[in-house]
Structure formats: C-alpha cells, structure tokens
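**Q**
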Amino acid sequence: AQSVTQLGSHVSVSEGALVLLRCNYSSSVPPYLFWYVQYPNQGLQLLLKYTTGATLVKGINGFEAEFKKSETSFHLTKPSAHMSDAAEYFCAVSDNGNNRLAFGKGNQVVVIP
Amino acid sequence: DAGITQSPRHKVTETGTPVTLRCHQTENHRYMYWYRQDPGHGLRLIHYSYGVKDTDKGEVSDGYSVSRSKTEDFLLTLESATSSQTSVYFCAISDLTGLNTEAFFGQGTRLTVV
Chain A
13 AQSVTQLGSH VSVSEGALVL LRCNYSSSVP PYLFWYVQYP NQGLQLLLKY
63 TTGATLVKGI NGFEAEFKKS ETSFHLTKPS AHMSDAAEYF CAVSDNGNNR
113 LAFGKGNQVV VIP
Chain B
347 DAGITQSPRH KVTETGTPVT LRCHQTENHR YMYWYRQDPG HGLRLIHYSY
397 GVKDTDKGEV SDGYSVSRSK TEDFLLTLES ATSSQTSVYF CAISDLTGLN
447 TEAFFGQGTR LTVV
C-alpha cells in the first residue's frame, strides 16, 4: 500500500523567504502525486499534481513541485512566502489513479512578518 | 468550486447514539470517499464508493458503515458513536477520466461525541 511521509508538523518561514515542504512517498507502482492546501475551517484545495510527463509541476499561488523517482520525493517549493500562504499543506499519493489517496500528516505553515 | 455539500456542518451527539452524515454532489462523479481528519494523523480513508451500491472499506472503517443508493448521495453512518469518533469528516469526489485524476473535497463536518 502507498504511504506518504511529511516531516516537521509545524514550519515557520519569514515573509519573502523560500518555502520548502518535503514529501517522500512509497508506492509499488508509478504514483500519482498531489499537494493540497487547507485554510482554517475549510476543505482541501488542490495546489498541484503530477501524473505523467514533465517532472517539474507548477501549481496555483506560485507553488511548484518536482517529482524525483530516484529519491521517491515530491517536495513543494515557493520562492517567496506571502502572509496568505499561512495554511496547512498535505502531500498525497495514489496508485496509478485509483484515487484512494493516502495522505501525509500535514505541515502547518506559519509566515512571520 | 466542485458541487459538494456536506450536512450537517457541525454536530454534537452523545455516546452510543447513531449518527448519519450526508454528502451530496452535483458533478455526477463516479467515485465518492469519506475521510476523517485528526491532528497528527492527516486524513485517513474510512470508506469509498466506485458506483451506486458499490462500496469498499478504507484504512479506518471499524465502527462506520456507508450507503450509496444514488450517484449523487453518499451516506456515512456511525451505528453507535464513541468519543474516539470525534473528528472532522470530509467527503471527496473524483471522476478519473482523462487527466482528471484529483479528488475534490467538501467543506467538512465537525462531529463531537460527548
């Protein structure tokens, strides 16, 4: 069964600094990979996804992620943090699109002015 | 936003009582899911459905049952609520057609069992 590891439940970043959230996955078949964002008292919103093709994926709000098969990683980055990026971020994996998503435990991002 | 409505949005219930949560979609998506979200655990799959009357268990299905009699509705039932089922419950839908691989989530139901 697939699984996801996200280290560091709380991540603090200064406004204007790089945002880096790490995600490592395990999957027995080529995975589909996702990053979701959750704002307080809301549902999850898709930031970006990797299915096939280009390994560098761009998403909404200036975020991007790179699929590295050799490292089984799908780290999320944003060059310059904004106050509005304060939220919880989840990495998820599914096996070839069966969409039984397995989620990581999430990273709560705090942006420091 | 995807047309997903969860009801109720908030509920407080007593231990031992039955509780049913409803997920209604207007997207005609084939797949529907129930997840629970707990601090330190992320989201965990309870049950999912791949069509009318077709359901299967997820990783934390004990104490829960589901039903899907229509494409648009997916019900989650706690037969006898326990305090460990206090959580935020999310419904999700997906269609898995072409490049549409992502799941869309509802706004969540906050359930408190006292």
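Chains A and B, in that order, are what the protein sequence lines are.
Counted from 1, the first sequence has number 29 at position 17 by my numbering; the numbering is strictly sequential.
Counted from 1, the second sequence has number 378 at position 32 by my numbering; the numbering is strictly sequential.
Idealized CB from N, CA, C, for every residue including glycine.
Small disclaimer: the values here were computed from a predicted structure and weren't measured.
Give me whichever residues DSSP pairs with A:PRO43 in a beta bridge.
**A** Its beta-bridge partners are A:ASP107.
**Q** Examine chain A for any beta-carbon lying closer than 9 Å to the beta-carbon of B:ARG390, and answer yes or no.
**A** Chain A, which has a Cβ nearer than 9 Å to the Cβ of B:ARG390, makes this yes.
**Q** Fully enclosed by the region 46 to 82 of chain A, which beta strand (DSSP E) runs are 3 residues long or longer?
**A** Those beta strand (DSSP E) runs which fall completely within the region 46 to 82 of chain A and span 3+ residues are 56 to 62, 68 to 70, 76 to 80.
**Q** Is it right to say A:LEU91 is buried, meaning 16 or more other beta carbons lie within 10 angstroms of its own, or is it exposed?
**A** Residue identity check: residue 91 of chain A is Pro in the sequence provided, not Leu. With fewer than 16 other Cβ atoms within 10 Å, it is exposed.
**Q** I'd like to know if A:ASN53 contacts chain B, where contact means its C-beta is closer than 9 Å to some C-beta of that chain.
**A** Answer yes: the Cβ-Cβ gap between A:ASN53 and chain B drops below 9 Å somewhere.
**Q** Is B:HIS370 closer than 9 Å to B:GLU425 when the C-beta atoms are compared?
**A** No, they are not a contact pair.
**Q** Is there a Cβ from chain A that is less than 9 Å from the Cβ of B:GLN453?
**A** So, interface residue.
**Q** Report yes or no: do the region 13 to 26 of chain A and the region 111 to 118 of chain A share at least 3 C-beta pairs separated by less than 8 Å?
**A** At 8 Å Cβ cutoff, the stretches touch.
**Q** Spell out a yes or no on whether the region 356 to 363 of chain B and the region 32 to 39 of chain A are touching, meaning 3 or more CB-CB pairs, one atom from each, closer than 8 Å.
**A** No contact exists between the region 356 to 363 of chain B and the region 32 to 39 of chain A.
**Q** So, for A:GLN18: in the same chain, excluding its five sequence neighbours on each side, which residues have a beta-carbon less than 6 Å away from its beta-carbon?
**A** Same-chain partners within the cutoff: CYS35, CYS103, GLY116, LYS117, ASN119.
**Q** The beta strand (DSSP E) that contains A:ALA93, what's its start and end?
**A** Run containing A:ALA93: none; DSSP gives neither H nor E here.
**Q** By the three-class DSSP mapping on this structure, what secondary structure does B:SER430 have?
**A** DSSP places B:SER430 in helix when its eight states are reduced to three.
**Q** Grouping DSSP H, G and I as helix and E and B as strand, with all else coil, what is A:LEU32?
**A** Of the three classes helix, strand and coil, the one that applies to A:LEU32 here is strand, per DSSP.
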